[in-house]
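57 is the number that our numbering gives to position 54 of the sequence shown; each next residue is one higher, with no gaps. Don't be surprised by glycine CBs; every beta carbon is placed ideally from N, CA and C. Note that the coordinates shown come from a computational prediction; the quantities given were computed from them, not determined experimentally. Scroll down for the structure; my scribbles are underneath it.
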Amino acid sequence: MDIELNGQPHRAAEDQSVQDLIEQLDLVHQALAVAVNREVLSRSMWPQRRLQANDRVDLVRPIGGG
């Protein structure tokens with residue numbers, strides 16, 4: 004199925020969870036904020052939230068600096 008990942012088209016497996024996507028992208032041990040369709044998800048919700056066709060997923064990693 005097709006989703007949008009950080010503004011770009013992305014193929015995702017049927018019944019894939021947000022956690023599965025994070026693992027697939029090798030970002031498991033990264034500090035991340037995740038939003039699906041502009042709804043921010045707590046890390047505890049990642050395994051439960053199943054992706055649907057045309058979902059808009061935004062992954063944001065904090066950047067240090069000043």
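If only complete runs of 4 or more residues are kept, the segment 9-58 shows the alpha helix (DSSP H) at 21-27, in order along the chain. In this structure, DSSP gives I6 an extended state, which the three-state scheme calls strand. Straight-line measurement puts the Cα of D18 at about 31 Å from the Cα of I66.
With respect to Q22, W49 sits close: the two C-beta atoms are nearer than 7 Å. Taking E7 as the centre and dropping the five residues before and after it, the same chain places the C-beta of H13, N57, D58, R59 and V60 closer than 8 Å to its C-beta, in chain order.
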